[in-house]
Every structure is written in structure tokens, then in C-alpha cells.
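Working notes, structure below.
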Amino acid sequence: MVTLDNFIIDLTVSALKLSTPIIIAAIGETFAERSGVLNIGIEGGMLTSAFVAYLVSIATGNALLGIASGVLTGGIFGVVHAYLTVITGADQIVTGVGINLFSLGLSTFLYKHFLDLFGQVYSPGLPAVSIGLARQVPVLRILEQTPFVYISILLAITSWIVLFRSHFGLKVTASGEHPLAAETAGIDVHRIRCVCVIIGGLMAGLAGASLSLGLLNLFTENMVQGRGFVAVAIVILGNWTPINVFAGGLIFGAMDSLQMRLQAMGTTVPYPLLLMLPYLFVTVALAIGRVKMPQMLCVPYVKEKKRRRTLLWHVPSALTRSGRSPRTRDDAL
Amino acid sequence: MKSLISETTVFAALKDACISAVLILVSVAFGGLLIAMYGFDPLQAYGVMLYGAFGNPLRVSETLVSMTILLLTGLGTAVAYRCGIWNIGAEGQLYLGALGATWAALAFSLPFILHLPLSLFFGFVFGGFWALIPGVLKAKRGTNEILTTLMMNYIGIWLVHYAVHFTPLKDPNKVFPQSYDIPVSATLPKLMQGSRLHAGMIVAFLSVVAVYLILRRTTFGYSIKATGENIIAARVGGINVSRVIMLTMLVSGGLSGLAGAGEVLGVHGWLQDGISPGYGYMGIAVALVAGLHPLTIVLVSVFFGALLAGSDYMQVMTGIPVALVFVIQGLAIVLIVCRRLLQSFLERRQ
Amino acid sequence: MFVEMKDIVKRFPGVVACDHVSLEVERGEIHALLGENGAGKTTLMNVLYGLYRADEGNVYFKDKKVDVNSPRDAMTLGIGMVHQHFMLVQPLTAAENIVLGTESAGFLGSTRTVKRKITELSQRYGLKIDCDERVWQMSVGEKQRVEIIKALYRGADLLILDEPTAVLTPREAAELFATLRLMTREGHAVIFITHKLDEVMAVSDRVTVLRNGRVVSTVRTSDTTKSELAKMMVGREVIFQLTRTPLRKRNPILEVRDVCASGDRGHDAILSVSLTVHEGEIFGIAGVDGNGQSELAEVVAGLRKATAGKVFINGCDLTNRAPGRIMRNGVGHIPEDRMEGGLMMNLSVAENLILEVYYDRPFSRWGILDERVIRDHADKLTSEFDVRITNTQAQSKTLSGGNLQKLILARVLSRKPRLILANKPTRGLDVASTQYVRSRLLAERERGSGILLISADLDEILMMSDTVGVMYSGRMVGTLSPEQANKDVVGSMMLSGSAS
Numbered sequence: 001m002v003t004l005d006n007f008i009i010d011l012t013v014s015a016l017k018l019s020t021p022i023i024i025a026a027i028g029e030t031f032a033e034r035s036g037v038l039n040i041g042i043e044g045g046m047l048t049s050a051f052v053a054y055l056v057s058i059a060t061g062n063a064l065l066g067i068a069s070g071v072l073t074g075g076i077f078g079v080v081h082a083y084l085t086v087i088t089g090a091d092q093i094v095t096g097v098g099i100n101l102f103s104l105g106l107s108t109f110l111y112k113h114f115l116d117l118f119g120q121v122y123s124p125g126l127p128a129v130s131i132g133l134a135r136q137v138p139v140l141r142i143l144e145q146t147p148f149v150y151i152s153i154l155l156a157i158t159s160w161i162v163l164f165r166s167h168f169g170l171k172v173t174a175s176g177e178h179p180l181a182a183e184t185a186g187i188d189v190h191r192i193r194c195v196c197v198i199i200g201g202l203m204a205g206l207a208g209a210s211l212s213l214g215l216l217n218l219f220t221e222n223m224v225q226g227r228g229f230v231a232v233a234i235v236i237l238g239n240w241t242p243i244n245v246f247a248g249g250l251i252f253g254a255m256d257s258l259q260m261r262l263q264a265m266g267t268t269v270p271y272p273l274l275l276m277l278p279y280l281f282v283t284v285a286l287a288i289g290r291v292k293m294p295q296m297l298c299v300p301y302v303k304e305k306k307r308r309r310t311l312l313w314h315v316p317s318a319l320t321r322s323g324r325s326p327r328t329r330d331d332a333l
Numbered sequence: 001m002k003s004l005i006s007e008t009t010v011f012a013a014l015k016d017a018c019i020s021a022v023l024i025l026v027s028v029a030f031g032g033l034l035i036a037m038y039g040f041d042p043l044q045a046y047g048v049m050l051y052g053a054f055g056n057p058l059r060v061s062e063t064l065v066s067m068t069i070l071l072l073t074g075l076g077t078a079v080a081y082r083c084g085i086w087n088i089g090a091e092g093q094l095y096l097g098a099l100g101a102t103w104a105a106l107a108f109s110l111p112f113i114l115h116l117p118l119s120l121f122f123g124f125v126f127g128g129f130w131a132l133i134p135g136v137l138k139a140k141r142g143t144n145e146i147l148t149t150l151m152m153n154y155i156g157i158w159l160v161h162y163a164v165h166f167t168p169l170k171d172p173n174k175v176f177p178q179s180y181d182i183p184v185s186a187t188l189p190k191l192m193q194g195s196r197l198h199a200g201m202i203v204a205f206l207s208v209v210a211v212y213l214i215l216r217r218t219t220f221g222y223s224i225k226a227t228g229e230n231i232i233a234a235r236v237g238g239i240n241v242s243r244v245i246m247l248t249m250l251v252s253g254g255l256s257g258l259a260g261a262g263e264v265l266g267v268h269g270w271l272q273d274g275i276s277p278g279y280g281y282m283g284i285a286v287a288l289v290a291g292l293h294p295l296t297i298v299l300v301s302v303f304f305g306a307l308l309a310g311s312d313y314m315q316v317m318t319g320i321p322v323a324l325v326f327v328i329q330g331l332a333i334v335l336i337v338c339r340r341l342l343q344s345f346l347e348r349r350q
Numbered sequence: 001m002f003v004e005m006k007d008i009v010k011r012f013p014g015v016v017a018c019d020h021v022s023l024e025v026e027r028g029e030i031h032a033l034l035g036e037n038g039a040g041k042t043t044l045m046n047v048l049y050g051l052y053r054a055d056e057g058n059v060y061f062k063d064k065k066v067d068v069n070s071p072r073d074a075m076t077l078g079i080g081m082v083h084q085h086f087m088l089v090q091p092l093t094a095a096e097n098i099v100l101g102t103e104s105a106g107f108l109g110s111t112r113t114v115k116r117k118i119t120e121l122s123q124r125y126g127l128k129i130d131c132d133e134r135v136w137q138m139s140v141g142e143k144q145r146v147e148i149i150k151a152l153y154r155g156a157d158l159l160i161l162d163e164p165t166a167v168l169t170p171r172e173a174a175e176l177f178a179t180l181r182l183m184t185r186e187g188h189a190v191i192f193i194t195h196k197l198d199e200v201m202a203v204s205d206r207v208t209v210l211r212n213g214r215v216v217s218t219v220r221t222s223d224t225t226k227s228e229l230a231k232m233m234v235g236r237e238v239i240f241q242l243t244r245t246p247l248r249k250r251n252p253i254l255e256v257r258d259v260c261a262s263g264d265r266g267h268d269a270i271l272s273v274s275l276t277v278h279e280g281e282i283f284g285i286a287g288v289d290g291n292g293q294s295e296l297a298e299v300v301a302g303l304r305k306a307t308a309g310k311v312f313i314n315g316c317d318l319t320n321r322a323p324g325r326i327m328r329n330g331v332g333h334i335p336e337d338r339m340e341g342g343l344m345m346n347l348s349v350a351e352n353l354i355l356e357v358y359y360d361r362p363f364s365r366w367g368i369l370d371e372r373v374i375r376d377h378a379d380k381l382t383s384e385f386d387v388r389i390t391n392t393q394a395q396s397k398t399l400s401g402g403n404l405q406k407l408i409l410a411r412v413l414s415r416k417p418r419l420i421l422a423n424k425p426t427r428g429l430d431v432a433s434t435q436y437v438r439s440r441l442l443a444e445r446e447r448g449s450g451i452l453l454i455s456a457d458l459d460e461i462l463m464m465s466d467t468v469g470v471m472y473s474g475r476m477v478g479t480l481s482p483e484q485a486n487k488d489v490v491g492s493m494m495l496s497g498s499a500s
């Protein structure tokens, strides 16, 4: 019988499970976005990493090796995105779209090949922690999770410390808010951004591995199912702070879990409206200006020396639409 | 924005496209490697794909069907980008357009000559409205449109999902969740018997002509270009940039909305969720690869459409997954965008 | 010699920002760098600070040649810079901003030592700040103090300040000077970019005057006077005398009443300014750059919000109306920056020329542009206004500075506006173009337009204006009739706010 207690505990258990991949990816993306780079290619990064992790863990029989290779794959995608958007200054959105397409194609293609050769194979995933006491104390069931869940909590805390309590974190914030100020303070903005995007890539890789080795022990076509984009939304919702991002991810996981249960129970609750809510919240938050976006998000930064800028006369900010502090046109190149 | 709105004369854009063609070949070669891994001869496989895109009239029709959608979403995105607005919400605007067209098709009972145009109109309006919301936020509050349009994509997709599962639009008699069938009076007629090619293609071509003429010859187009070029100078010169931004988003979303309308009224005949496997995002890529010019967008969307149609056929004939084509597309997009930047980077050095 | 810059050349596309500039600064010296906007002062300092790389020339630090390739190099050498637009990261606290980039790794756990050092610096130099306050909460003066401590924290021996007092109250400025003097007594050197002559005289030991990218002269402050400096800074040779017909004043076309407005950095840019311009009159606003003139023009044009007061154009209250509406009431605006604020460089010449009129007949009908009319219009205007190009369809970015300005003139004046706002219309132009612009404006005056002319060139103002208004620190400190306006009186008002 489904008691309310059980229902809530079940919900929490599955919420944690479901939200973990998103949270891990989102925390990585938080680094990237705080430094000023929008990487929607994490969707693709997660997908290919999930596949590579799956493949390697089957080939070697070792889940840890699988995770490591997944992380590495994510890192490679991170490097590519970093090079294209930070060093050459390519459009961040299109690069992400391209990477996503490429990833989708590559992973699906290779997986189908794999299926042909080997059929459906389960990967040796990481087992969930088992707590004996859980039988007597049902609440403890919440703690029976795969290591990925614990890693995600650890990552959230560590990231918060790094971003808000370390010198590196200061540099990251400066690079995203006011890269010119950062440069005058002696910071290599490009290097910081690259590092952050690669961190984002590595975590996206971990998130992908957590999908094919944690959440499910197999790989399916396009198994990321838009979770990468959800991660991007969660970053905004969480106001670019890891702890809030974690909370946002949990909320999403809870709603995802709730939605699945409702569907299974065959209720008439309009769950799509529920699933819409995180995005709606974000949009409203953006509209009323409650979220403090890194000012230079998605704007490639051209180092002073490389600028083709002609002498800039005084450009009054009244002439810029929103009346924010003056940005030279070169900032938007 | 300089790197996006660089050369926009047809000649220059064509020259761009030719150089891009080389990069596309590189991507195709990479695809060839993957095919070889599958145990097939790449040239043979590509031959099949080429046939699948252009080999017989039926295949050509398939290419054109895909081209139609990409043409409209690409056009919509390009219009916004020309105005300096990073509209990445084509996907959501497409979905809303589909919703609008479906609703109009089912809600009214009119003779064909009125019903179809009206349904298309509502597709345009719904899509336009969906883009207008981020547009207003940008114009009035300076809200970053990249984030808002991205979010609206998901809200839109779930809205359609909701409509198809929970509203009176849903047809209870069908196995899978979908809307009622669109009445014949609102259906886009087939252009070729036995194919999926529908009159939406004509709508798409008309849109290309319309956008081209608007940008080149009208005051509205002028205001779009001026605002996109230098918003400060535009304002000094007396242009009401707020209004321009909002109107441009309306048009931009409307075009993507037409793409969605076309899917419903022409290809499927009903509304279901998942009607777009990312056509909106592909449209962004199409727009940028084509250098934002309406005429080159036609070329690029034919190319992308050919890839999609050809790969479908290739999968049927050889078993090579359709996914190969996404690899080629993704790689091509990345290479081309990167190369354009390399080019302008070199230009600056001089 | 503490710091020496020798024969620095820095070029940007289309302009030589620094043309064989040499500068030397001694230890314990406050050295002022004086010049108009665009004279090259900031560029020169950006080279010294490693933000730009000089095309030619060398920098010597303590008599040794150094390569300053980045701000990091500059900081290692002991050079610190406080920029005109604050380089502070808004969401961070003062302490975080100060410490930003000083260490590559490690945690901020050592806040106590950091804060101690900051407090020590703060007390030593009399710069009061709150370590834990976030930048968006700070006042302008506080932000500047944080910037200075930021430089000192990194061990700056040489401190460069770019227009530091532009946003300070007189009392804050005095505090700043006290701090600077304290610093030099302790052995630091200071380079001080400014255009305020009062301050140069008050606090500097030596002053170098730049004009159009070249050094005019370097003198000991005690050996010179304000008017000499002003002449060096701003005076241009008056090659041609322009004839001006006697003034025939008619109705007022522009009336500004007690207008107040804020500047970009949040400070008060205009404080209760009033003036009247009549048809057929040139009202020249004299004043050193940055005293509120540009902001005033923007308020009249509808581009900046007036926080108080009213603007009447031809009798209608057009305060804070949309720029388009104001223009349709017969106002023409020649903006201060022809490239950033005036033209669309990637669009063609013809397309730029119709910016203000494209929506009207005969250029368009029912929303459709008439290409032939536009082309003819462009041909007519380019010949009438002496814009040297062969093809009106060519992109505007191919034109030179003088031609660009003529392009704007053509665009604005062809509409025959009744009120013309001309903001530094001859800045950066060669002699021929300057002459052209001035004679054109006088022709408009003949035609009966009222012109509000803003210029930092006193000679230009005196030559062209019927009435002279002098702005100083955001106020109109004097309105002089043609008989009263002479160089000494106006000059004195420009430099110190009063006629004495």
C-alpha cells in the first residue's frame, strides 16, 4: 500500500537519483558561465561521455575505468568548445549546437554499430550503497544511493568553496562580470575561461558517466534527453551559485520523479505544466531582474592588445538601450 | 555582432558559401571514415546517399520537405540576428506555430480558400507571439534574449505536450497522444502525388522573397539593418529601436511558427509532441552558415535537407544509421563558423 | 630617471594616437598629463601599463629598458593604474577587488592578513574604505579610493591616475590631492591625466601637454600659467578668418530651463542649467571637456533623461521626449562621436544619408524605399557637401574622418533643421575639413537656424558664436553677449568658474 510516508521517501530517493546527472553537469556549467562562456554543448558532451563510459566499462569490466574515460571525453569536448569560443571567439551558441549535433550523431552511430555486433549489453555500473538499518528506519533509504549522488553533493560544496572562497573563484567572477577589469588586474581572462569551460566539460563527462553507469546500466540512443539543457536552466535558476544550483536540480529531479509517478498512476494532473515550471521560473526571474547574470555572459572577450579599436570618444551610456555602464562595441565583437 | 553581420551582398555570401563547401567536404570525409568502420565502402555509401537526396523525383521531394522547415526556421533566426538580436528560440516558436495552426484548423469550419490561410496565419501569430515575449523583455528591460528564448523553447515544447495530452485538442480515438486530424479544408495540398511534399514549400519560398524584399527595399528592413549595425547611432538618428526590436522578433518568431504550421498542416496532418527533432536549432546553424542572407539560406537549407533525406534513404538501403548525417552536419557547422572567424581575424591583422 | 617613455608611437587604423611621444617622470614627482579628449593621454598610459603594445619606441624603468607586455608586467615593475572608468567587479567586496589577481592559488582564508594590510594602507594614506562593502553599494568617491588602494596593495611605486577628479566633489578632490602629496613624500611618483587646469596648477610639479598625439611641451608647473597651458592644450592656429554677418536675432528656438541630469558614472553632470538660443544665432558653449556640455546636448536631443527642468523647442515642451519626436520638430543633432554615435559603418553612404528621413516621402512610400530617389539624394548631397567618394553604394567605413563628418553634416543639415546641436563638430579633423564645417554652420546661421555649438576649442567658440555660455562643473557660470565675450574673460571662466 502506498502510504504518504512511503510515497515521500520514494520520491526523495528517486529525486536524488534523477537529479544527480543534471546537478553534476550544472555545477560544471556554473563554472563556465560564471567566467562568461555559455556552453550548451554540454548536452552533447554528456551523451558521448555516457557512451564512452559505457563502452569502456564493458570492455574492461571495470566501472571506474569507464567513469574515468567518460570524464576524459567530456574534457575533450570542453577543450574543443573552449578553443573555439574563447581563443577564436566563435559564436558560443552555434558552437554548442554543432557539438550537440556531432555528439548525437557520433554516439548514435557508434552505438548502433555496437548493437549490431553485440546486442544489448548491461554495463557494470556502480552499485548503490546498501544500508542494513534501512529496513527498520525507512528514512535511511534516502541514503541508499549510488556513489554518484554523494559525489554530486561533494562537488556542490567544493565548488562553492572554490568559487567563493578562493583566489581562483575571484578571478572567475571577474572574468565573467568585467573582463577588462580582470585584465587590468593582471588576470589572463582567456586562460581562466578555458579552464572553466574545461572544468564544465569534465563534469559534463562525469554526468554522462553517471547516466550510463549509475542511473541506468546501459546506453540508449540520445539518452541525455535534454538534461544538458535542463542543466543550463538550473544554472540560471540557481543564480550561478553551486549550492542553489544543487537545490534547483533537486527540485527538478523531484518534479521529474513526481511526473513519472503521476503518469504511472494514470492521474489527470497536467504534469507538463509542472515540468514547465522551472523554465517559467527562470524566465520570470530574468524578466524581473532577480537573477544577477554574469554581465559578459556569451560575449567573447578580445584582449586589449588585439583590439582593432579606434580611439574611443566618450560614448554616453544614455545612448545604450538599458542604460547600463558603457560597453564599447568591441566588447560585443 | 560584427562577425555575424559581415558580408551580406549576394556575391560575397556566395563566395563564402563556396569556401564553406570545402569545409563541408572535410566533414563528409570524416563521415566516410565512420562508414568505413561500419564495413561499407564510403564512396558507395555516399553514392547511395546522393541518390537518396536527388536520385528520383520522390527522393527530391523528400529533400525539399526537409528544406522547407529549415528554410523557414533559418530565415526566422536570420531576421532576428540582422537586427542584433540573438534569438535562439526557433524551436519553441516552431512548436507554438504548430499549436496555433492546429487550433485554428480545428476551431473553425470554413471553406478551404479561407481556412488554410487562416490556419497558416495563426501559426505565424502564435510563433510570433512566442518570440515577442522575449523581444519585449529585451526592448523594455534589457533582459538577455539568449537566456529567455532558450527557456521559452522548453516552455513551448511542454505547452504543446500539454495541449496534446490534456486539452480538448486531444483525439481520444487515437492510440498515441495526438490531436484530432486536421480537416481537409485546412490541409496544405500535396505538390506531388505520393510524396510528402506539400504547399508549405511555396510558403517557404514566398517567405524568402518577402524577407529579401523587406530587408532590401522597405523602411522596416532599413530600420532592422540600422539597429543591428549600430544601435547607438540608430537611436541618435531618431529610430525607435524599442519598437524595431519588438516587431523584428514578431516576424522572426512568426517565420519559425510557419515552419511548425507546415509540419502540422502539410506533413503530418495532426499535432503530436516531438514534431521537431531539433529543426529550430538546425535553423540557427543554417542562418549562420549562410551568413544571414536570405538567398544563401536557401542554398544551405537545401544542403542540410539533402543530408537529412539522403541519410534516411541510406539507412533503409544499407543499414547505416541516419545519425551519420548529424556527425557531418555538426562538424561542418563547427568548422564553418570557426573558419569565418579565422577569416575576419586575418582581415583584422592587415 | 624613474620612468621614461621614449619616442612612443601607437597607431590605430586610420589614426596615429601617439606620435613620437616622450615622457619622463622623476621619483617623488606629481606629473600631470594634459590634453583634450583624443589627444592620446590615455593611450599613452595604456601603453605604459601594458594594455597596449607600442608600435615603436621604448620604455625605461629606473634607467633600464623594460618590456611591458601586460598589466601583470607593469604591476611587477611597480606601476599601478587607476582608470577613468572604474575597473571594479560589481558583485565583489572592496577587499576582494583589491586582492583580485594578486595570488594564483590558495584560499581567501587568510583574510585577516589581507584586511590588516588593507587597513594599514588605508590609514597611512588617509583613504577610508569599508573592506566588506560590495562595489554596487559604494559611492563614486569610495570606488576610487578602493582603486587606489588596489594599486598600492600591489606595491605600486608609480601610480597613474586617469581623470581622477572628474567624478569627485571638490572636497573629495582636495582629499585626493592630500593623499597624492603624501604618497610622493613617501617616494612614490604619480602621473595624473587631466584636463582641469586648476588642478594641474594646484598639485603637479611638472606638466606635459599633449595635442593630437604629439607632445606640445613639458614644463615645470611653477614656470607656467593656466592660460599658457590652455593655449598649448587647445589652441589651434586660426588660419582663415571667417566672416560673420551681424546678428539678426529672431524668436527663441530653444529654451532650457533649470535642467539637471546625471552622468554615466552616477554623478551630477548638469546642475540647473538654463539658456536660450534664438533663430539665426549661434550659441556657443565654451568649456573644457567633461564639464557637462555633452550631457546637455544629449538632454536636449532626448537621449539622456533630465532629472529636473524643462526643454522647450520652438515653444513646445519637449522635455524627455523620444529622440525621433524631437527630431521631427526640426532639431538636427551632430553627435560628438561620428563613428560610434553617428554612422553605421558597414552600411553604404547612401543608406547612412537617409537615416533621419527614410520613413518619409519622397524616400519611401507606403513603407517601400524608393531606390532612385535615395541614390539621387546621395549624389546630390555628396557633391553639395563635398564628400569625396566615387560610389555612394560603397560602405561608409572606407571614408576618412573628414569625409565622415561631412557625411553627418550632409545628413543632418539637408533636413534644414531649425535648431542644430553641434557637438564638437570639428574634432579630429584636418584644417580643410574644419574650415568647411565651420563655414557650413555659419551658412545655416544665415538661413535662420539656431545653433547650439559645443566645442573645447576656445578660438572656435569665439570665432563662431554670437552668444557665449561657459560651463564649468556642470553649471552655466556665465552667459556673455558678443560685446562681453573676449578671450580673457571666457578663458578665465572656463578654467575656474569665475570671471576674475
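Protein chains in written order, with my numbering: chain A, 1 to 333; chain B, 1 to 350; chain C, 1 to 500. C-beta: ideal position from N, C-alpha, C; glycine also.
(1) Look at the alpha carbon of A/Thr340 and the alpha carbon of A/Ala90, and state the distance between them as a whole number of angstroms.
(2) Three-state secondary structure (DSSP) at B/Gln272?
(3) Along chain C, in chain order, which residues have C-beta atoms closer than 9 Å to that of B/Asn173?
(4) Using beta carbons (cut-off 8 Å, strictly below), is B/Ala285 in contact with chain E?
(5) Check each residue of the region 58-85 of chain C: if its Cβ is closer than 9 Å to any Cβ of chain A, include it; give the result in chain order.
(6) Could you give the distance in angstroms between the alpha-carbon of B/Pro183 and the alpha-carbon of B/Pro111?
(7) Please state the DSSP three-state secondary structure of A/Thr3.
(8) Report the residue ranges of all alpha helix (DSSP H) runs contained in full by the region 177-261 of chain B; include only those spanning at least 4 residues, in chain order.
(9) In the structure shown, what three-state DSSP assignment does C/Lys10 receive?
(10) Please report whether the beta-carbon of C/Glu460 lies at a distance below 8 Å from any beta-carbon of chain A.
(11) Using the beta-carbon count (16 or more within 10 Å), is B/Tyr281 buried or exposed?
(12) Just by C-beta distance, which residues in the region 235-246 of chain B are closer than 8 Å to chain C?
(13) List the residues of chain C that B/Arg82 touches, going by C-beta distances under 7 Å, in chain order.
(14) How big is the Cα-Cα spacing for A/Ala156 and C/Lys150?
(15) Go through its chain and collect everything with a Cβ distance to A/Leu311's Cβ below 6 Å, but skip five positions before and after it.
(16) When you compare the region 253-270 of chain B with the region 19-34 of chain B, are there three or more beta-carbon pairs, one atom per stretch, that lie closer than 8 Å?
(17) Could one say the Cβ of B/Leu33 lies closer than 8 Å to chain A's Cβ atoms, at least one of them?
(18) To the nearest angstrom, how far is it from the Cα of B/Thr73 to the Cα of B/Cys338?
(19) Within this structure, are the beta carbons of C/Ile261 and C/Glu295 separated by less than 8 Å?
(20) Once the 5 residues before and after C/Ala432 are set aside, which same chain residues still bring their CB inside 8 Å of it?
(21) Use the C-beta contact count for C/Asp264: other C-beta atoms within 10 angstroms, 16 or more gives buried, fewer gives exposed.
(22) Got a sec: is the Cβ-Cβ distance from A/Cys190 to anything in chain C below 8 Å?
(23) State buried or exposed for B/Arg216, treating a residue as buried only when at least 16 other CB atoms are found within 10 Å of its CB.
(24) Skipping 5 residues on each side, what residues in its chain have a beta carbon closer than 7 Å to that of B/Phe126?
Quick look at the numbers:
(1) The displayed coordinates of chain A run from 1 to 333. Any statement about residue 340 of chain A would go beyond what the structure contains.
(2) In the second sequence, the residue the question calls residue 272 of chain B occupies position 272. B/Gln272 falls in the strand class under three-state DSSP.
(3) Mapped onto the second sequence, residue 173 of chain B falls at position 173. Result: empty, since nearest Cβ-Cβ is about 48 Å, beyond 9 Å.
(4) No chain E is part of this structure, whose protein chains are labelled A, B and C.
(5) Asn69, Ser70, Pro71, Arg72, Asp73, Ala74, Met75, Thr76, Met81, His83 and His85
(6) Taking the second sequence and counting its residues from 1, one reaches residue 183 of chain B at position 183. Taking the second sequence and counting its residues from 1, one reaches residue 111 of chain B at position 111. Each residue's Cα considered, the two are about 10 Å apart.
(7) Position 3 of the first sequence holds residue 3 of chain A. If DSSP states are grouped into helix, strand and coil, A/Thr3 belongs with coil.
(8) 200-217, 219-229 and 231-236
(9) Position 10 of the third sequence, counted from the first residue, corresponds to residue 10 of chain C. C/Lys10 falls in the strand class under three-state DSSP.
(10) Position 460 of the third sequence, counted from the start, is the residue given in the question as residue 460 of chain C. Cβ-Cβ to chain A under 8 Å: no for C/Glu460.
(11) Residue 281 of chain B sits at position 281 when you count from the first residue of the second sequence. Flag for B/Tyr281 reads buried.
(12) Arg235, Val236, Gly237, Gly238, Ile239 and Asn240
(13) Position 82 of the second sequence holds residue 82 of chain B. What B/Arg82 touches in chain C: nothing, since even the nearest Cβ is about 11 Å away.
(14) In the first sequence, the residue the question calls residue 156 of chain A occupies position 156. In the third sequence, the residue the question calls residue 150 of chain C occupies position 150. Going by the C-alpha atoms only, they are around 31 Å apart.
(15) As a first step, residue 311 of chain A is located in the first sequence; it is residue number 311 there, counting from the start. Below a pLDDT of 50, predicted positions are generally treated as unreliable, and A/Leu311, at 34, falls in that range; the measurement from the model is reported next regardless. Answer for A/Leu311: no residue qualifies.
(16) no
(17) Translated into the one-based positions of the second sequence, residue 33 of chain B becomes position 33. So, not an interface residue.
(18) If you number the second sequence from 1, residue 73 of chain B lands on position 73. If you number the second sequence from 1, residue 338 of chain B lands on position 338. Their Cα atoms are separated by approximately 22 Å.
(19) Taking the third sequence and counting its residues from 1, one reaches residue 261 of chain C at position 261. Taking the third sequence and counting its residues from 1, one reaches residue 295 of chain C at position 295. Correcting the residue identity first, residue 261 of chain C is Ala in this sequence and not Ile. Yes.
(20) Counted from its first residue, the third sequence places residue 432 of chain C at position 432. Hits under 8 Å: Gly402.
(21) By 1-based counting over the third sequence, the position of residue 264 of chain C is 264. C/Asp264 should be labelled buried.
(22) As a working mapping, residue 190 of chain A is identified with position 190 in the first sequence. One point to set straight first is that residue 190 of chain A is His, not Cys, in the sequence displayed. For A/His190, the answer is no, since every Cβ of chain C falls outside 8 Å of its Cβ.
(23) Residue numbering aside, residue 216 of chain B sits at position 216 when the second sequence is read from its first letter. So B/Arg216 counts as exposed.
(24) Locating residue 126 of chain B in the second sequence gives position 126, where the first residue counts as 1. Closer than 7 Å at Cβ, skipping near neighbours: Leu96, Gly97, Leu99, Gly100 and Gly257.
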